[in-house]
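Below you'll find the structure, written out as structure tokens, and then a few comments.
Number of protein chains: 2
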Amino acid sequence: MDFEENEKPVAVSPAVVKRLPRYYRYLRELIAQGRTRISSGELSALMNVTASQIRQDLNCFGGFGQQGYGYNVSYLFAKISEILGVGAGFHAIIIGAGDLGRALVHLSMFEKRGVDIVAMFDTGEGMVGKQFAGVDVLPLEELETFCTGQKVDIGVITCPKEQVRPIAERLVRIGIGGLWNYMGVELKYDPREIAVENVHLGDSLMILNYKIASRKHARQEELSPDGDPDTNPLDENDPDA
Amino acid sequence: MDFEENEKPVAVSPAVVKRLPRYYRYLRELIAQGRTRISSGELSALMNVTASQIRQDLNCFGGFGQQGYGYNVSYLFAKISEILGVGAGFHAIIIGAGDLGRALVHLSMFEKRGVDIVAMFDTGEGMVGKQFAGVDVLPLEELETFCTGQKVDIGVITCPKEQVRPIAERLVRIGIGGLWNYMGVELKYDPREIAVENVHLGDSLMILNYKIASRKHARQEELSPDGDPDTNPLDENDPDA
Numbered sequence: 001m002d003f004e005e006n007e008k009p010v011a012v013s014p015a016v017v018k019r020l021p022r023y024y025r026y027l028r029e030l031i032a033q034g035r036t037r038i039s040s041g042e043l044s045a046l047m048n049v050t051a052s053q054i055r056q057d058l059n060c061f062g063g064f065g066q067q068g069y070g071y072n073v074s075y076l077f078a079k080i081s082e083i084l085g086v087g088a089g090f091h092a093i094i095i096g097a098g099d100l101g102r103a104l105v106h107l108s109m110f111e112k113r114g115v116d117i118v119a120m121f122d123t124g125e126g127m128v129g130k131q132f133a134g135v136d137v138l139p140l141e142e143l144e145t146f147c148t149g150q151k152v153d154i155g156v157i158t159c160p161k162e163q164v165r166p167i168a169e170r171l172v173r174i175g176i177g178g179l180w181n182y183m184g185v186e187l188k189y190d191p192r193e194i195a196v197e198n199v200h201l202g203d204s205l206m207i208l209n210y211k212i213a214s215r216k217h218a219r220q221e222e223l224s225p226d227g228d229p230d231t232n233p234l235d236e237n238d239p240d241a
Numbered sequence: 001m002d003f004e005e006n007e008k009p010v011a012v013s014p015a016v017v018k019r020l021p022r023y024y025r026y027l028r029e030l031i032a033q034g035r036t037r038i039s040s041g042e043l044s045a046l047m048n049v050t051a052s053q054i055r056q057d058l059n060c061f062g063g064f065g066q067q068g069y070g071y072n073v074s075y076l077f078a079k080i081s082e083i084l085g086v087g088a089g090f091h092a093i094i095i096g097a098g099d100l101g102r103a104l105v106h107l108s109m110f111e112k113r114g115v116d117i118v119a120m121f122d123t124g125e126g127m128v129g130k131q132f133a134g135v136d137v138l139p140l141e142e143l144e145t146f147c148t149g150q151k152v153d154i155g156v157i158t159c160p161k162e163q164v165r166p167i168a169e170r171l172v173r174i175g176i177g178g179l180w181n182y183m184g185v186e187l188k189y190d191p192r193e194i195a196v197e198n199v200h201l202g203d204s205l206m207i208l209n210y211k212i213a214s215r216k217h218a219r220q221e222e223l224s225p226d227g228d229p230d231t232n233p234l235d236e237n238d239p240d241a
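Chains as they are written, first to last, in this note's numbering: chain L, 1 to 241; chain Z, 1 to 241.
Here it is, written out as structure tokens:
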């Protein structure tokens with residue numbers, strides 16, 4: 001396990017990257033508790049992941065863990081934050097100042113991930129000119145002018161469904177970095193054109209429905225093995241859930 | 001591959017269940033297009049999943065696919081909907097009538113998944129008594145009275161962070177089926193007590209950040225293999241992404 005300092009971004013496998021946000025949350029909590037180091041065994045118990053999985057996930061960054069010492073919590077958190085683009089200074093705009101857009105602009109999530117919301121856009125007469133959480137709502141016609149005038153990395157899409165594709169097209173032409181699409185309309189682009197992350201809240205609702213239905217069945221069968229919290233496959237503690 | 005009709009719920013592995021909402025979305029789209037059947041090869045190309053993965057996922061329900069015929073789209077959709085609790089007649093309440101709660105109550109997502117929002121709850125003087133999308137905002141003190149008076153399956157948690165745990169405790173005591181928690185506070189319960197689905201929007205934001213940062217690196221290296229859309233591991237087309 002060589003640990004080389006270099007400027008090149010660490011190559012992390014996609015399966016590992018998907019698990020990093022969860023490590024990020026647990027490490028943040030440990031820092032809040034004043035912890036400075038943690039063993040893979042303890043992290044394993046906390047996160048309900050095998051210790052070997054943890055070592056496999058974290059060792060690819062280079063020698064974080066040291067035998068008999070464990071992981072340096074702050075260093076690991078800093079490294080994971082860096083890989084996940086926290087503090088990269090990304091700027092976001094929100095398209096749509098409806099209920100969802102306004103809900104998102106008020107969440108501390110952006111600031112905590114180092115993402116700055118620089119404007120909201122809307123077509124509605126009533127919305128343009130208003131401010132939410134200190135962010136101005138601009139008319140949608142000004143999208144191109146605004147985005148060429150300043151750095152914009154992320155477009156958060158919360159506009160009506162029928163406008164999703166035309167607006168995505170405009171943002172691709174402008175050349176921003178990525179789309180965070182909440183509208184359920186599946187957007188597919190060559191990642192060299194634009195990065196896309198589609199949020200499907202309905203998927204999460206259906207998984208919850210499934211869990212509730214499974215509980216009922218489990219109850220009917222009285223403490224069937226499926227009801228065992230430690231083996232419940234869809235428990236939040238399961239990182240793949 | 002026996003296909004037996006029986007009343008017992010089909011045993012589906014947790015890994016498969018996690019992939020079902022995505023099949024649900026693609027099948028819904030096919031139905032909207034008037035398609036009645038689809039081969040595993042065609043579904044494979046559409047969803048960017050291997051045909052053998054599709055057969056493995058879908059054959060565990062019993063003989064859907066027939067050699068030379070393909071899958072019956074409506075039957076498959078109905079079966080997946082059933083497993084995912086769509087049409088189970090679940091009732092939901094939303095705790096918190098702030099921006100996020102109001103955004104959610106307006107989404108068609110609930111109705112489309114057969115979930116009926118029966119009330120919202122808030123402590124704010126200004127909110128109680130109002131209606132959003134036809135749903136009344138009731139005072140939080142009435143939570144227990146309301147939930148014992150009628151069937152409530154799902155509590156959608158959008159209240160301020162510091163109230164998340166006490167409210168979750170109250171809902172567990174009431175005995176509702178599940179919590180859909182948007183507030184980033186990790187809730188852990190024995191699934192026999194209550195089902196939990198924690199939505200971590202910040203995780204999705206960080207994965208998008210990562211994708212954007214990766215694009216920049218890929219560009220610097222000019223068309224590196226990572227930039228290939230077909231192999232991009234975090235592309236939305238990858239069901240595990």
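Glycine residues also receive a C-beta, built at the ideal position from the N, C-alpha and C atoms.
Closer than 8 Å at the beta carbon, the chain L residues around Lys112 of chain Z
Here residue 112 of chain Z refers to the residue found at position 112 when the second sequence is read from its first residue. Neighbours of Lys112 of chain Z on chain L, chain order: Gly202.
If Ser40 of chain L sits next to Ile54 of chain L, beta carbons under 8 Å apart, how far is it from one beta carbon to the other, in whole angstroms?
In the first sequence, the residue the question calls residue 40 of chain L occupies position 40. In the first sequence, the residue the question calls residue 54 of chain L occupies position 54. Sure, about 5 Å apart at Cβ, within 8 Å.
Terminal residues of the alpha helix (DSSP H) in which Glu144 of chain L lies
Here residue 144 of chain L refers to the residue found at position 144 of the first sequence. It spans Leu143 to Gly149 - the alpha helix (DSSP H) in which Glu144 of chain L sits, taken as one unbroken run.
Under the three-state reduction of DSSP, which class applies to Asp153 of chain Z: helix, strand or coil?
One-based indexing of the second sequence puts residue 153 of chain Z at position 153. DSSP places Asp153 of chain Z in the coil class of the three-state scheme, outside both helix and strand.
Determine, using beta carbons only, whether Phe90 of chain L comes closer than 8 Å to chain Z.
Position 90 of the first sequence holds residue 90 of chain L. Yes, its Cβ sits closer than 8 Å to a Cβ of chain Z.
Sheet register partners of Ile94 of chain Z (DSSP bridge)
As a position in the second sequence, residue 94 of chain Z is number 94, starting the count at 1. Its beta-bridge partners are Z:Met120 and Z:Val156.
Considering only the beta carbon of each residue, do Leu84 of chain L and Tyr71 of chain L sit closer than 8 Å?
Counting from 1 along the first sequence, the entry for residue 84 of chain L is found at position 84. Counting from 1 along the first sequence, the entry for residue 71 of chain L is found at position 71. No. Outside cutoff.
Strictly under 8 Å for the Cβ-Cβ distance: is Lys206 of chain L near chain Z by that measure?
Here residue 206 of chain L corresponds to residue number 206 of the first sequence, with the count starting at 1. For the record, residue 206 of chain L in the displayed sequence is Met; it is not Lys. Taking Cβ atoms only, chain Z reaches closer than 8 Å to Met206 of chain L, which makes this a yes.
Starting from Leu179 of chain Z, follow its DSSP beta bridges and name the residues at the other end.
Looking up residue 179 of chain Z in the second sequence gives position 179. DSSP lists Z:Gly155 and Z:Val196 as partners of Leu179 of chain Z.
According to DSSP, residues forming a beta bridge with Arg37 of chain Z
The residue labelled residue 37 of chain Z in the question sits at position 37 within the second sequence. Beta-bridge partners assigned by DSSP to Arg37 of chain Z: Z:Asn72.
What residues of chain Z sit near Asp153 of chain L, judged by a beta carbon separation below 8 Å?
As a position in the first sequence, residue 153 of chain L is number 153, starting the count at 1. Chain Z residues near Asp153 of chain L: Ile212.
Segment limits, beta strand (DSSP E) that includes Pro139 of chain Z:
Here residue 139 of chain Z refers to the residue found at position 139 of the second sequence. In the DSSP assignment, Pro139 of chain Z falls within the beta strand (DSSP E) that extends over Val135 to Pro139.
For Tyr24 of chain Z, decide whether its Cβ has a neighbour in chain L, counting only Cβ atoms nearer than 8 Å.
For the purposes of this step, residue 24 of chain Z is identified with residue 24 of the second sequence, where counting begins at 1. Tyr24 of chain Z counts as touching chain L.
Does any C-beta atom of chain L lie closer than 8 Å to the C-beta of Pro160 of chain Z?
Your numbering for residue 160 of chain Z matches position 160 in the second sequence. At a cut-off of 8 Å between C-beta atoms, Pro160 of chain Z does not count as an interface residue with respect to chain L.
As a quick exercise: from Z:Val156, Z:Leu208, Z:Ala213 and Z:Gln163, pick the residue whose alpha carbon is nearest that of Ala195 of chain Z.
Locating residue 195 of chain Z in the second sequence gives position 195, where the first residue counts as 1. Among Z:Val156, Z:Leu208, Z:Ala213 and Z:Gln163, the Cα nearest to that of Ala195 of chain Z belongs to Z:Val156.
Which residues in chain Z sit within 7 Å of Ile31 of chain L, going by Cβ to Cβ distance?
For the purposes of this step, residue 31 of chain L is identified with residue 31 of the first sequence, where counting begins at 1. At a beta-carbon threshold of 7 Å, none of the residues of chain Z lie near Ile31 of chain L; the nearest stands roughly 15 Å away.
Based on the DSSP output, what are the partners of Gln131 of chain Z in its beta bridges?
For the purposes of this step, residue 131 of chain Z is taken as the residue at position 131 of the second sequence. According to DSSP, Gln131 of chain Z bridges with Z:Asp136.
Using a Cβ-Cβ distance cut-off of 8 Å, determine whether Gly175 of chain L contacts chain Z.
In the first sequence, residue 175 of chain L corresponds to position 175, counting from 1. With its beta carbon at least 8 Å from every one in chain Z, Gly175 of chain L lies outside the interface.
Is the beta carbon of Lys79 of chain Z within less than 7 Å of some heavy atom of the ligand PLP?
Only the bare structure without any ligand can be found here, which leaves the ligand PLP out of the picture.
Hey, does Val16 of chain Z have any beta-carbon neighbour from chain L nearer than 8 Å?
Counted from its first residue, the second sequence places residue 16 of chain Z at position 16. It does not: the Cβ of Val16 of chain Z has no partner Cβ on chain L nearer than 8 Å.
Kindly list, in the order they appear in chain L, the residues whose Cβ is closer than 9 Å to that of Met120 of chain Z.
Here residue 120 of chain Z corresponds to residue number 120 of the second sequence, with the count starting at 1. Contact annotation for Met120 of chain Z against chain L: no contact, minimum CB-CB distance about 13 Å [criterion: below 9 Å].
Under three-state DSSP, which class holds Ser108 of chain L?
Mapped onto the first sequence, residue 108 of chain L falls at position 108. In the three-state reduction of the DSSP assignment, Ser108 of chain L falls in the coil class.
CA-CA distance, Leu205 of chain Z and Ser52 of chain L?
Reading the second sequence from its first residue, position 205 is the one you call residue 205 of chain Z. Reading the first sequence from its first residue, position 52 is the one you call residue 52 of chain L. Between Leu205 of chain Z and Ser52 of chain L, the alpha-carbon positions lie close to 27 Å from each other.
Name, please, each residue of chain L whose Cβ falls closer than 8 Å to the Cβ of Val199 of chain Z.
As a working note, residue 199 of chain Z is residue 199 in the second sequence. Neighbours of Val199 of chain Z across chain L, judged by C-beta separation under 8 Å: Leu201 and Ser204.
Check whether the Cβ of Asp99 of chain Z lies closer than 8 Å to any Cβ atom in chain L.
Locating residue 99 of chain Z in the second sequence gives position 99, where the first residue counts as 1. When Cβ-Cβ separations below 8 Å define contact, Asp99 of chain Z makes contact with chain L.
For Met47 of chain L and Pro166 of chain Z, I'd like the C-alpha separation in whole angstroms.
Along the first sequence, read from residue 1 onward, the residue named residue 47 of chain L stands at position 47. Along the second sequence, read from residue 1 onward, the residue named residue 166 of chain Z stands at position 166. Rounded to the nearest angstrom, the two C-alpha atoms are 23 Å apart.
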